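**Student:** Which chain is which? The protein sequence lines are A and B, in order. For what it's worth, numbering that gives the first Met the number 0 labels the leading residue of the first sequence as 0, then goes sequentially. For what it's worth, numbering that gives the first Met the number 0 labels the leading residue of the second sequence as 0, then goes sequentially. Every residue, glycine too, gets a C-beta built ideally from N, C-alpha and C. Just so you know, these numbers come straight off a predicted model, no measurement behind them.
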Amino acid sequence: MKSDLKLYLPGQPPKSHVAIKTLHQIRHEQLQQEYEIAIIDVLVNSQLAKAKKFFAIPTVIKELPLPIRRVIGDPSEKEKVLLGLELFSST
Amino acid sequence: MTKPLSQFTLKEEQFRTLIEHNIDGMVIIRHDRTIQFVNPAACRFLGRQADQLLGASFGFPVIAGQTTEIDLHGQNGLVTPVEMRMVTVEWEGQTNYLACLRDLTERRKSEEERKRLENQMQYAQKLESLGVLAGGIAHDFNNLLMAIVARAGLGLRSVGPESPAHPHLKHIEKSGLRGGELANQMLTYAGRGKPTIHSVNVSQLIKEMAHLLRVSISKRAVLSYDLAQTPPPIQADPSQLRQLVMIMLTNSSEAIGEQSGAITLSTGSITTNLEHLKDWYVAGDVPVGLGVYIDVRDTGPGMDADIIPKIFDPFFTTKFTGRGLGLAALLGIVRAHDGAVVVMSQKGEGTHVRLLFPTSVDEKLNIAPFQPLATSWNPTGTVLVVDDEEDVRVASQLILEEIGFTVIVACDGREGLALYTQHAATITLVLLDLTMPHMNGEELFNAIRQQNMDVPIMLSSGYTEEDASKRFASEGVAGFIQKPYLIDTFIEKIRQVLETEN
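1. Can you tell me whether DSSP reads residue 250 (chain B) as helix, strand or coil?
2. Buried or exposed for residue 223 (chain B), please, with buried defined as at least 16 other CB atoms from any protein chain shown within 10 angstroms of its CB.
3. Please classify residue 18 (chain A): is it buried, with 16 or more other beta-carbons within 10 angstroms of its beta-carbon, or exposed?
4. Quick one: grab the DSSP three-state call for residue 42 (chain B).
5. For residue 421 (chain B), which of B:433, B:408, B:431 has the nearest alpha-carbon?
6. What number of angstroms, rounded off, separates the C-alpha of residue 72 (chain B) from the C-alpha of residue 348 (chain B)?
7. Could you pull out every residue in the same chain whose Cβ sits closer than 6 Å to the Cβ of residue 294 (chain B), ignoring the five residues on either side in sequence?
8. Applying the criterion that 16 or more other CB atoms from any shown protein chain within 10 Å of the CB defines a buried residue, is residue 131 (chain B) buried or exposed?
9. Determine the chain A residues that contact residue 265 (chain B) at a beta-carbon separation under 8 Å, and present them in chain order.
10. Which residues of chain A have a Cβ atom closer than 7 Å to the Cβ of residue 63 (chain B), listed in chain order?
11. Where residue 298 (chain B) and residue 81 (chain B) are concerned, what is the direct C-alpha to C-alpha distance, given to the nearest angstrom?
12. Mind pulling the chain B residues with CB within less than 8 Å of residue 26 (chain A)?
13. Look at the alpha carbon of residue 292 (chain B) and the alpha carbon of residue 325 (chain B), and state the distance between them as a whole number of angstroms.
14. Tell me whether residue 359 (chain B) sits in a helix, a strand or coil according to DSSP, three-state version.
15. For residue 440 (chain B), is the classification buried or exposed, using 16 other Cβ atoms within 10 angstroms of its Cβ as the cut-off for buried?
16. In the DSSP output, what is residue 68 (chain B) paired with across the bridge?
17. Give a yes or no on contact between the stretch 330-339 of chain B and the stretch 233-244 of chain B, applying the rule of three or more CB pairs nearer than 8 Å.
18. Kindly say whether residue 5 (chain A), judged by its beta-carbon, lies nearer than 8 Å to any beta-carbon of chain B.
19. Ignore the nearest five residues each way along the sequence and tell me which others in residue 142 (chain B)'s own chain have a CB closer than 7 Å to its CB.
20. Under 6 Å Cβ to Cβ from residue 558 (chain B), same chain only, skipping five residues before and after it: list those, please.
21. With 16 other CB atoms within 10 Å as the buried threshold, where does residue 480 (chain B) fall?
22. Whole angstroms are fine: how far does the CA of residue 85 (chain A) sit from the CA of residue 37 (chain B)?
23. Have a look at the DSSP bridge pairing and note the partners of residue 270 (chain B).
24. Listed in chain order, which residues of the stretch 33-53 of chain B have Cβ atoms closer than 7 Å to some Cβ of chain A?
25. Quick one: list the residues of chain D neighbouring residue 79 (chain A), beta-carbon separation under 7 Å, in chain order.
26. Using C-beta distances below 6 Å, list every residue in its chain close to residue 386 (chain B), excluding the 5 sequence neighbours before and after it, in chain order.
27. Taking just the CA atoms, how far does residue 197 (chain B) sit from residue 365 (chain B)?
28. What residues from the stretch 74-90 of chain B come within 7 Å of chain A, judged by C-beta to C-beta, listed N to C?
29. From the DSSP output, which residues share a beta bridge with residue 69 (chain A)?
30. Exposed or buried, residue 121 (chain B), counting other C-beta atoms within 10 Å across all chains shown (16 or more means buried)?
31. For residue 423 (chain B), which residues from the same chain have a beta carbon less than 7 Å from its beta carbon, with the 5 sequence-adjacent residues on both sides left out?
32. Cβ of residue 9 (chain A) less than 8 Å from any chain B Cβ?
33. Are there three or more Cβ pairs, one per stretch, closer than 8 Å when the stretch 21-29 of chain A is compared with the stretch 25-45 of chain B?
34. By DSSP's criteria, residue 35 (chain A) is part of a beta bridge. Which residues make up the other side?
35. With DSSP as the reference, label residue 60 (chain B) as helix, strand or coil.
36. Skipping 5 residues on each side, what residues in its chain have a beta carbon closer than 7 Å to that of residue 445 (chain B)?
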């Protein structure tokens, strides 16, 4: 089954690369690589960000499998992101 | 006496007052991530009414450590940076999350201001160190060019205009002087060029340049003017102002390139503050109060925002043939006039460059009288030449001997003093380099002055007169000449010094 994680970021502040690294780490260590990760800069894709009706940025959204789950805040906190997205280690 | 908080019994109305008037936002989030409660401050940050927020999915707040900074996106498009703190609370019998949101707008503004000042400081330090470097290189470079130009000049005098060697020597002399101009451009960038200050009407100055400007730009560019009738005068060096206008026009013309385009040159007066310039790139000091501007706008391809701060760096160029010194020199000149240069440009939108200068009320006129070149002068006497650069020393000796002087040479200050002491009775002029080993120019100057208060002492340096005067505090110097110089200029300067002294 295809699964999606999307990370919405405000431009490219220095912390962004830590957040991106953490998501890839989560995918590699916890999700057996079955998730596809997309990184979206809301400054570049402002229309998309508007359409998604965010309350806050950074936001990580798990779109598939349902239910949709989102976390806001610091995506570099691996354990809390997993908890917030209701993703639990399959190992 | 104040009671501890635990001893207070607050009524619901009092709680409501505390929450509704809290400047921090409060959001209660249920375990299913939906919003259960928002206070007015949170509604304001989120740009929505409470009824639009209640029941909406907020997301699971993830905090690193104590707090996390996030941007709240309002429905109205406004973004509010906040610091989010989260605690778990009991709410209607369930364990929920309370997200506390503190507005960071003001803090971010002060951080940005601090960062701007830091950048400005770093830029000033960078300019300072580049200035020292450029000054040092220009000095050494000018000494070398001095030997080239002087020897070419001596060659020209020896062979006469009929010789086949004449055009080659003329070319060497011309190239040497062009090298000197380049070195002086570096000095100008370093803010060490010497301006000759006059009261200037910028519109008048540009009108007088109209023909020159027309022929200097691409035939495909249409140049139009919007010049203020009587702008307030500014204190400036007119030749440096002309250089600024030429640099801006040439850059605009080259930006337009082979395409058709328009350049507008305008002048006027304006009161500017940094708030007005928040969308502009600013370099230099924006004048306080009424200032005079010279604007150049072009319809060229414009620049990316990240390029703009680099355009004033020396040797930065986007042009195949450019040396990257034009805008660096422009900034140096503007800074020397206590002005600022501001730039606004976007890719595909053209470029707008504005020079801002403080206005002046007192009109200093400092026009140096024209001195005709001596046509026939047959000097006599002895000149002591003290210079550590052998090429310069020998070139000066040859020139001076050719016009009739007896010359004594010394390769440093110590030898210079010994020779002066030995020949004091016959020496009519001392030609002194500024920087020398053992005993520098100023030390030698003072030592000679202890023996003789009257003998004329002339300085010669690869630095500009202004820079040399910073390094040479003693008073009573008879004259200054900057290397490299033409033989005729050198002779004329010496003649002036000796005639004044006599």
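**Tutor:** Once the coordinates are examined:
1. For residue 250 (chain B), the three-state secondary structure derived from DSSP is helix.
2. Looking at its Cβ environment, which holds fewer than 16 other Cβ atoms inside 10 Å, residue 223 (chain B) is exposed.
3. By the neighbour-count criterion, in which a residue is buried when 16 or more other Cβ atoms sit within 10 angstroms of its Cβ, residue 18 (chain A) is buried.
4. Of the three classes helix, strand and coil, the one that applies to residue 42 (chain B) here is helix, per DSSP.
5. It is B:408 whose Cα lies nearest to the Cα of residue 421 (chain B).
6. Looking at the backbone, the Cα of residue 72 (chain B) and that of residue 348 (chain B) are separated by about 29 Å.
7. Contacts found: 265, 353.
8. Of the other Cβ atoms in all chains shown, fewer than 16 fall within 10 Å of the Cβ of residue 131 (chain B); this residue is therefore exposed.
9. Against chain A, the beta carbon of residue 265 (chain B) has no neighbour under 8 Å; the closest one sits roughly 34 Å away.
10. Neighbours of residue 63 (chain B) on chain A, chain order: 73, 75, 76.
11. If you take the alpha carbons of residue 298 (chain B) and residue 81 (chain B), they lie about 41 Å apart.
12. Those within 8 Å of residue 26 (chain A) in chain B number zero; the least Cβ separation is about 17 Å.
13. Those two C-alpha atoms are separated by around 19 Å.
14. Coil, per DSSP.
15. Buried is the call here.
16. Looking at the DSSP output, residue 68 (chain B) sits in a beta bridge with B:82.
17. Judged by Cβ distances under 8 Å, the stretch 330-339 of chain B makes contact with the stretch 233-244 of chain B, as three or more pairs qualify.
18. So, not an interface residue.
19. 388, 391, 461, 482, listed in sequence order.
20. For residue 558 (chain B) there is no data in the structure shown, the boundaries of chain B being 0 and 501.
21. Label assigned to residue 480 (chain B): buried.
22. Rounded to whole angstroms, residue 37 (chain B) and residue 85 (chain A) show a C-alpha spacing of 25 Å.
23. Note: residue 270 (chain B) sits in a beta bridge opposite B:289.
24. Those residues of the stretch 33-53 of chain B that come within reach of chain A (Cβ to Cβ, closer than 7 Å) are 45.
25. Considering every chain present, this structure includes no chain D. Its protein chains are A and B.
26. Only 392, 432 meet the Cβ criterion.
27. Model confidence at residue 365 (chain B) stands at a pLDDT of 36, short of 50, so the residue's coordinates are unreliable and nothing is read from them.
28. 83: these are the residues of the stretch 74-90 of chain B whose beta carbon lies less than 7 Å from some beta carbon of chain A, given in chain order.
29. Beta-bridge pairing links residue 69 (chain A) to A:60.
30. In the assembly as shown, residue 121 (chain B) is an exposed residue. Its beta-carbon has fewer than 16 other beta-carbons within 10 Å.
31. Excluding positions up to five away in sequence, the list reads 450, 451.
32. With its beta carbon less than 8 Å from one in chain B, residue 9 (chain A) belongs to the interface.
33. They do not touch, by the three-pair rule.
34. Note: residue 35 (chain A) sits in a beta bridge opposite A:3.
35. When secondary structure is reduced to three states using DSSP, residue 60 (chain B) falls in the strand class.
36. Same-chain partners within the cutoff: 473.
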